[in-house]
Amino acid sequence: MTQPAILVARAVFPETIAFLQQHFDVTHNQADEVWSRAELLQRLQGKVGVLTTGSERIDAELLAACPGLKLCANMAVGFNNFDVPAMTARGVLGTNTPDVLTETTADFGFALLMATARRIAESEHFLRAGKWNKWAIDMFAGAEVHGSTLGILGMGRIGQGIARRGAHGFGMNVIYHNRSRLSPALEAECKARYVAKDELLASADHLVLVLPYSAESHHAMGAAELAKMKPTATLVNIARGGIVDDAALARALQAKQIAAAGLDVFEGEPKVHPDLLACSNVVLTPHIASATVPTRRAMAQLAADNLVGYLVHGKPLTPLNPEVLKKK
Ligand code: DGY
Numbered sequence: 003m004t005q006p007a008i009l010v011a012r013a014v015f016p017e018t019i020a021f022l023q024q025h026f027d028v029t030h031n032q033a034d035e036v037w038s039r040a041e042l043l044q045r046l047q048g049k050v051g052v053l054t055t056g057s058e059r060i061d062a063e064l065l066a067a068c069p070g071l072k073l074c075a076n077m078a079v080g081f082n083n084f085d086v087p088a089m090t091a092r093g094v095l096g097t098n099t100p101d102v103l104t105e106t107t108a109d110f111g112f113a114l115l116m117a118t119a120r121r122i123a124e125s126e127h128f129l130r131a132g133k134w135n136k137w138a139i140d141m142f143a144g145a146e147v148h149g150s151t152l153g154i155l156g157m158g159r160i161g162q163g164i165a166r167r168g169a170h171g172f173g174m175n176v177i178y179h180n181r182s183r184l185s186p187a188l189e190a191e192c193k194a195r196y197v198a199k200d201e202l203l204a205s206a207d208h209l210v211l212v213l214p215y216s217a218e219s220h221h222a223m224g225a226a227e228l229a230k231m232k233p234t235a236t237l238v239n240i241a242r243g244g245i246v247d248d249a250a251l252a253r254a255l256q257a258k259q260i261a262a263a264g265l266d267v268f269e270g271e272p273k274v275h276p277d278l279l280a281c282s283n284v285v286l287t288p289h290i291a292s293a294t295v296p297t298r299r300a301m302a303q304l305a306a307d308n309l310v311g312y313l314v315h316g317k318p319l320t321p322l323n324p325e326v327l328k329k330k
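Numbering (my numbering), first residue to last: 3 to 330.
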């Protein structure tokens, strides 16, 4: 019996491919080549499913060119690379990988906050450059973390993980802003207080962005918002490029309008705004917040389980547009 054909758009773990091959005719990209859009469209011909990694844009044009496609399984919790309404309109299901990366990503958010506040990258570069020849009282003196005010913009699962780390581990005063307020029980668990966005910006010593990217959150942190922050504050973005106006942030960092930033995501990544590269008071990492081996394995397995769950058994694990299931 011929098996349904699927595409795995980027290199994944060999065991993920072996698992998928038990159920599908798999075309993969274990060489991890960078495919153009035209190459992706061509490789999707005749496929019923695709495992994407967040970089492949699934939109109306692609769906029209690939009419056999039934499922796009994103190996990421964020799915701003999916045009979900266009997928729903065509009866194409989307899935993502929530939960399995929450704690790992919250760990990284906190690590980036600490590296930014305590100037770890900047001081390491200084040492490696052979510039350390004496002790000085203010050498790389940074911002206090324990006991300071932690602001969180976007209070989903990862935001809550960061809040718990700050409140329980570092005795921080946690405030947050979100589209919807947490339940009193969750607020108590996270020791977090809901505030208006302006109060968040003005009060946070360390502000962490963990909100999903959408047209609504585009440049949620632009020049006007940065101007509302304390000059001693730090800003961390582990959410998505485009939430911060990178050019405005570079200007704010150069002008010392805020003290420092830690960025794991960028507008137009993997390109990074040249003005950010020129700033010493910013820690830059290449979108690795979920990158531990166990978590990446769990993400790949969940994406693969969604492909098998839906295309073989009709039951996806983490559907983004479950209304497609009702229409079937
Ligand atoms: C996610 O899961 O959305 C991450 O950004 C991908 O690593």
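In this text, a Cβ means the ideal position worked out from N, Cα and C, and glycines have one as well. Values in this document were obtained by computation on a predicted structure and should not be read as measured data.
Not a single heavy atom of the ligand DGY lies less than 7 Å from the C-beta of G132.
Distance from the CA of T55 to the CA of P16, rounded to the nearest whole angstrom, comes to 16 Å.
Apart from the 5 residues on each side of it in sequence, R59 sits with its Cβ closer than 6 Å to the Cβ of N83 in its chain, given in chain order.
Fewer than three Cβ pairs drawn from the stretch 201 to 210 and the stretch 183 to 192 lie within less than 8 Å of each other, which leaves the two stretches out of contact. Look at H289: its beta carbon is less than 7 Å from one of the heavy atoms in the ligand DGY. The C-beta distance from G163 to V176 rounds to 12 Å, too long to meet the 8 Å contact threshold.
Between the alpha carbons of H275 and V246 lies a distance of about 12 Å. With 16 or more other CB atoms across the displayed protein chains lying within 10 angstroms of its CB, R121 is buried. In its chain, beyond the 5 residues on either side, H25 have a beta carbon closer than 7 Å to the beta carbon of V310.
Taken in chain order, the unbroken stretches of alpha helix (DSSP H) that lie wholly in the stretch 200 to 246 and span 4 residues or more are 225 to 229. If you check the C-beta of A78 against the ligand DGY, you find a heavy atom less than 7 Å away. By the Cβ-count criterion, D85 is buried, with 16 or more other Cβ atoms from all chains shown falling within 10 Å of its own Cβ. At least one heavy atom of the ligand DGY lies closer than 7 Å to the C-beta of S292.
Within 10 angstroms of the beta-carbon of M141 lie fewer than 16 other beta-carbons, which makes it exposed. When the beta-carbon positions are compared, T106 and A78 stay at least 8 Å from each other.
Here the alpha carbon of T151 sits roughly 25 Å from the alpha carbon of G244.
Annotation: C74 is outside any alpha helix (DSSP H); the continuous beta strand (DSSP E) that includes it extends over 73 to 76. With a cutoff of 7 Å, G70 does not count as near the ligand DGY, since its C-beta is closer than that to no heavy atom of the ligand. With respect to L211, G51 sits apart: the two C-beta atoms are not nearer than 8 Å. Exclusion of the five residues before and after F172 leaves V147, H148 as the residues of its chain whose Cβ lies within less than 7 Å of its Cβ. The shortest C-alpha to C-alpha distance from K72 to any of N31, K136, T118, P6 is the one to P6.
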